Amino acid sequence: MKAMSVASGKGRFGAYGGRYVPETLVPALDQLEREFDAAWASAEFHAEFEAILSEFVGRPTPLTEARRLSAETGLHVVIKREDLNHTGAHKINNAVGQCLLARRMGKRRIIAETGAGQHGVATATVCALFGLRCEVYMGEEDCARQQLNVFRMKLLGAKVIPVSSGTRTLKDALNEAMRDWVTNVADTHYVIGTAAGPHPYPAMVREFQSVIGKEARAQYVQRYGRLPEIGLACVGGGSNAIGFYAGFLADPEVRLIGIEAGGHGLSSGQHAAPLTAGSPGVLHGSYSYLMQDEHGQVLPTHSVSAGLDYPGVGAEHSYLKDTGRVEYRAVDDSDALAAFRRLAELEGIIPAFESAHAFAPLFEAAYLPLGSRVLVNLSGRGDKDMESAVQLLEL
Amino acid sequence: METMGRIAERFAALASRNEKALVPFVLAGDPSLEDLPGILDALAVAGADVIEVGIPFSDPIADGPTIQAADQRALDRGVTPTMVLDTLARWGRSEGPPIVLMGYLNPILRMGLDEFAARAAASGCSGTIVSDLTPEESGEWREASRRAGLDTIFLAAPTSTDERLDIVCQSSTGFVYAISRTGVTGAAQAAPPEVTDLVRRIKARTDRVVCVGFGISRPEQVAMVCQAADGAVVGSWLVDRLASDWNGGAGRGRLIDDVRKLKAATRG
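What follows is the structure, given as structure tokens:
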């Protein structure tokens, strides 16, 4: 297929990104872009954003040297602890940023989509903090497998709207949230939870999440007097990864790796690995790698982790794949679950199923050179996955 | 000045009779694709002036529940863009109402912009509406369409600023599609008053033909819209109707009767 060339030049990462949306949304995206650009250039906004990250979210999150894991794998493993953020994942960095923008724009109603529920919980939390109305779209299947997060959102005062269309997972929650936004755009801001979607979302979410990489780099250099050799992160839509990479993209000596959800294996077709096994196309407002059939219909996905169970990926990842700056690789459900278990046993850290994907390559013989200094971004904690873990690991 | 396309010819003919256009929308493949030629014939007999034929897509974010469900049923039947174009080519009525394809960008992109445009034109289609393609992102698609002789119809929304209306009008050929309300497709109780405002805003800036869609299902709504606009699009109501009462053509007579009433409302 012939790739689209840079049509508007707006919000592009190479050929990827852009803004493919119904006309009704364009003025709102223009407004959001202006508001973000103004805010991001303002010291006052940064001060407010950073104050909330520090006093409410609990940043900076620590680096933890994983000594037993290092001994077992023959690597030097250090973990960036995004699981220790308030609400248990990196998602809240972006939720704080976007809700601040919504407040500046005078939009009092917030909508969000969520897969694993972490973004929904983060958004509901910030809405409670700011006194904003919050409605969260969540696929029916995800509501069932991440029930704890549904309860948390309700307790935080948000309305959770189960989505029964399509595959009843994250993709369909995004569709419904987009439809809501098209209908209620005058008073509503849509807090997209990942670095995907139409411009300005991919760049804006990357900026809000870049605190992860900037902190991690400074902390690593301060502690070890050097940079890590390898940086690992899981990639669904890719917001934790893009924020983490943001600290290291300018350091060519740091090898960056993104781990997608291999589901039942790439050959089974039941996975959620568009960068590893998909092709470029347009979904949810941008041009990026996508799981699609030969007719351009979006394919159903599978992953044990609801947060990675998505057929698309942020546009900047597509660009970083094509340029070769980041290597992308898929890890099957079973290897992710094994890593989930080993991290708990060896380090006393229960990761989210999503984040466990980023650890699986550490156990893969001969993939990473022995003795490598590896920094892994642990994007979220695994409390939400306990029920699934009990069944899958027969605990 | 380029030669007048079939859509423009049709609107010119209507204007000379002091009539507005009835533009029904059907989703190809619901009911089955084999039913499509018979449905198009029935709509033509009933007085449809232009017919929009929807190409099913897995993630129709601009559509409400009715058309979403129809998309899903069509995809479950295995309908592909190629099959839709082949069916239209076999139908091939060069004298009937012009056909406008309506869909989303990804299936077009997947086939290839030039390939899709050429095949659509070869199938007798006169233009396209791509719900998630804005004028700013459409440069290559407009080029491909121009080469193939297809009109490109863009949407104007109540939220569009005047500057955007200029861009939409400049990029549109055939007609401009004015969205009646901020929202997704689907029948509504009443056509909202802001429709007229939007059409007036467009008319004040351009001499383009303007059709209004979203939420229009009854003759009185068609009549109301046609006071300001050049035509009315009736979509979800018809999609619902075909799903429940086409019955392999058994519902043809009733459909023609009802669509005739909609058409009558365009004659003010």
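Residue numbers (the working numbering), protein chains in the order written: chain Z, 829 to 1223; chain D, 87 to 354.
Note that beta-carbon positions come from the ideal geometry of N, C-alpha and C, so glycine has one too.
Fair warning: this is a prediction, and the values are worked out from it, not measured in the lab.
Nearest residue (CA-CA) to residue i, options the options
| i | options | result |
| --- | --- | --- |
| residue 1054(Z) | 1031(Z), 892(Z) and 1081(Z) | 1081(Z) |
| residue 969(Z) | 950(Z), 945(Z), 955(Z) and 957(Z) | 945(Z) |
| residue 1091(Z) | 1203(Z), 1079(Z), 1104(Z) and 1085(Z) | 1104(Z) |
| residue 1050(Z) | 891(Z), 861(Z), 918(Z) and 1148(Z) | 891(Z) |
| residue 1195(Z) | 863(Z), 903(Z), 876(Z) and 1161(Z) | 903(Z) |
| residue 931(Z) | 1074(Z), 863(Z) and 888(Z) | 863(Z) |
| residue 263(D) | 176(D), 104(D), 333(D) and 188(D) | 188(D) |
| residue 840(Z) | 1116(Z), 949(Z) and 995(Z) | 1116(Z) |
| residue 899(Z) | 1170(Z), 1179(Z) and 1218(Z) | 1170(Z) |
| residue 335(D) | 93(D), 146(D), 125(D) and 238(D) | 125(D) |
Residue-chain proximity (residue i, chain D), Cβ-Cβ < 7 Å
| i | result |
| --- | --- |
| residue 909(Z) | no |
| residue 1159(Z) | no |
| residue 846(Z) | yes |
| residue 1022(Z) | no |
| residue 1065(Z) | no |
| residue 851(Z) | yes |
| residue 1016(Z) | no |
| residue 1006(Z) | yes |
| residue 1205(Z) | no |
| residue 775(Z) | What is shown of chain Z runs 829 to 1223, which leaves residue 775(Z) out entirely. |
| residue 1028(Z) | no |
| residue 855(Z) | yes |
| residue 1011(Z) | yes |
| residue 1110(Z) | yes |
| residue 1003(Z) | yes |
Cβ neighbour criterion (16 or more within 10 Å) applied to residue i
| i | result |
| --- | --- |
| residue 102(D) | exposed |
| residue 987(Z) | exposed |
| residue 999(Z) | buried |
| residue 981(Z) | buried |
| residue 925(Z) | buried |
| residue 844(Z) | buried |
| residue 205(D) | buried |
| residue 1223(Z) | exposed |
| residue 104(D) | exposed |
| residue 96(D) | buried |
| residue 313(D) | exposed |
| residue 1197(Z) | exposed |
| residue 247(D) | exposed |
| residue 1219(Z) | exposed |
| residue 1026(Z) | buried |
| residue 895(Z) | exposed |
| residue 1205(Z) | buried |
| residue 151(D) | exposed |
Chain A contact for residue i (CB, 7 Å cutoff)
| i | result |
| --- | --- |
| residue 1124(Z) | Chain labels in this structure do not include chain A; the protein chains are Z and D. |
Short Cβ contact (7 Å threshold) for residue i with residue j
| i | j | result |
| --- | --- | --- |
| residue 319(D) | residue 348(D) | no |
| residue 1005(Z) | residue 1052(Z) | no |
| residue 325(D) | residue 298(D) | no |
| residue 1022(Z) | residue 967(Z) | no |
| residue 230(D) | residue 252(D) | no |
| residue 1143(Z) | residue 1096(Z) | no |
| residue 322(D) | residue 273(D) | yes |
| residue 352(D) | residue 108(D) | yes |
| residue 949(Z) | residue 915(Z) | yes |
Cutoff 7 Å: residue i Cβ touching any chain Z Cβ
| i | result |
| --- | --- |
| residue 346(D) | no |
| residue 148(D) | yes |
| residue 173(D) | no |
| residue 170(D) | no |
| residue 272(D) | no |
| residue 192(D) | yes |
| residue 160(D) | no |
| residue 243(D) | yes |
| residue 258(D) | no |
| residue 247(D) | yes |
| residue 195(D) | yes |
| residue 305(D) | no |
| residue 223(D) | yes |
| residue 135(D) | no |
| residue 317(D) | no |
Restricting to runs no shorter than 3 residues, where is the beta strand (DSSP E) found entirely within the segment 234-313 of chain D?
237-239, 262-265 and 296-299
Residue ranges of each alpha helix (DSSP H) run of no fewer than 4 residues wholly in the segment 867-898 of chain Z, ordered along the chain?
871-880
Which complete alpha helix (DSSP H) runs does the segment 980-1063 of chain Z hold, if anything under 4 residues is left out?
998-1012 and 1029-1052
Return the chain-ordered ranges of every alpha helix (DSSP H) run that is complete within the segment 1092-1171 of chain Z and spans a minimum of 4 residues.
1102-1105 and 1143-1151
Could you tell me which whole alpha helix (DSSP H) segments of length 4 or greater appear in the segment 133-194 of chain D?
151-162 and 167-177
Every unbroken alpha helix (DSSP H) within the segment 1065-1095 of chain Z, with a cutoff of 4 residues, ordered by chain:
1067-1073
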